[in-house]
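127 is the number that my numbering gives the last residue of the sequence shown; the numbers go up by one with no jumps. C-beta atoms are modelled at their ideal positions from N, C-alpha and C, and glycine is treated no differently. Comments concern the structure below.
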Amino acid sequence: IFEGKFPYKPEVKDGYLGTAPVKTFPPNGFGLYDVSGNVWEWVRDLWDKEAGKKPATERQRVQRGGSYMCHRDHCFRYRTSARTPNTEDSSAGNNGGRCARTIKGANVLEELKSIDWMDERDENAEL
């Protein structure tokens, strides 16, 4: 969440003017990091039914979760369920993505714990 007088005077109370590195803050109750905030995350969904018929410069896809630029005077969307449209050719420091994996089985939490997660901070990790 933007800290300070938006957008002109950031206070940087958390130590980051823009995005924070992955796993900077504690995980949620499910052990998941960075579920909302930091950057709006692109998702696969089109914003409307007609979007697929438009050129990329006009076609809008869904973004979720809010970003570090959300502020109470500007944006109340700093939550996991928040959605907003943006054109496919857009780029900005508060837009990003998340790699996702389909999890099968009845005990999702146990399966999450068993996954060998790659440390996102490891610059030498293979993708």
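From the DSSP output, in three-state form, read off residue 9 for me.
Residue 9 sits at position 9 when you count from the first residue of the sequence shown. Residue state, collapsed to three classes: strand.
Taking the C-alpha atoms as reference points, what is the distance between residue 62 and residue 68?
Taking the sequence shown and counting its residues from 1, the one referred to as residue 62 is at position 62. Taking the sequence shown and counting its residues from 1, the one referred to as residue 68 is at position 68. Taken atom to atom, the span from the alpha-carbon of residue 62 to that of residue 68 is near 18 Å.
In chain order, what residues of the same chain lie with their CB nearer than 6 Å to the CB of residue 27, ignoring the 5 residues before and after it?
Counted from its first residue, the sequence shown places residue 27 at position 27. Here the set comprises 33.
Excluding five sequence neighbours on each side, which residues of the same chain lie with their C-beta closer than 7 Å to the C-beta of residue 10?
The count along the sequence shown starts at 1 and reaches residue 10 at position 10. 2, 3, 4 and 17, listed in sequence order.
Using the Cα positions of residue 44 and residue 38, report the straight-line distance between them to the nearest angstrom.
On the sequence shown, position 44 is the one that residue 44 refers to. On the sequence shown, position 38 is the one that residue 38 refers to. About 19 Å.
Own chain, CB closer than 6 Å to residue 85, minus 5 neighbours either side, in chain order:
Taking the sequence shown and counting its residues from 1, one reaches residue 85 at position 85. For residue 85, the CB contacts under 6 Å within the same chain, skipping 5 residues up- and downstream, are 47 and 60 in chain order.
Which of helix, strand or coil DSSP assigns to residue 4:
Taking the sequence shown and counting its residues from 1, the one referred to as residue 4 is at position 4. The DSSP-derived three-state label of residue 4 is strand.
Can you find the residues in the same chain that come closer than 6 Å, C-beta to C-beta, to residue 83, ignoring five residues on each side of it along the sequence?
To locate residue 83, count along the sequence shown from 1; it is residue 83. Closer than 6 Å at the Cβ level, and outside the excluded window around residue 83, lie 62 and 64.
Check this for me: beta carbons of residue 41 and residue 97, under 9 Å apart or not?
Numbered from 1 along the sequence shown, position 41 holds the residue referred to as residue 41. Numbered from 1 along the sequence shown, position 97 holds the residue referred to as residue 97. Taking 9 Å as the cut-off, the beta carbon of residue 41 is found closer than this to the beta carbon of residue 97.
Exposed or buried, residue 15, counting other C-beta atoms within 10 Å across all chains shown (16 or more means buried)?
Along the sequence shown, read from residue 1 onward, the residue named residue 15 stands at position 15. Exposed.
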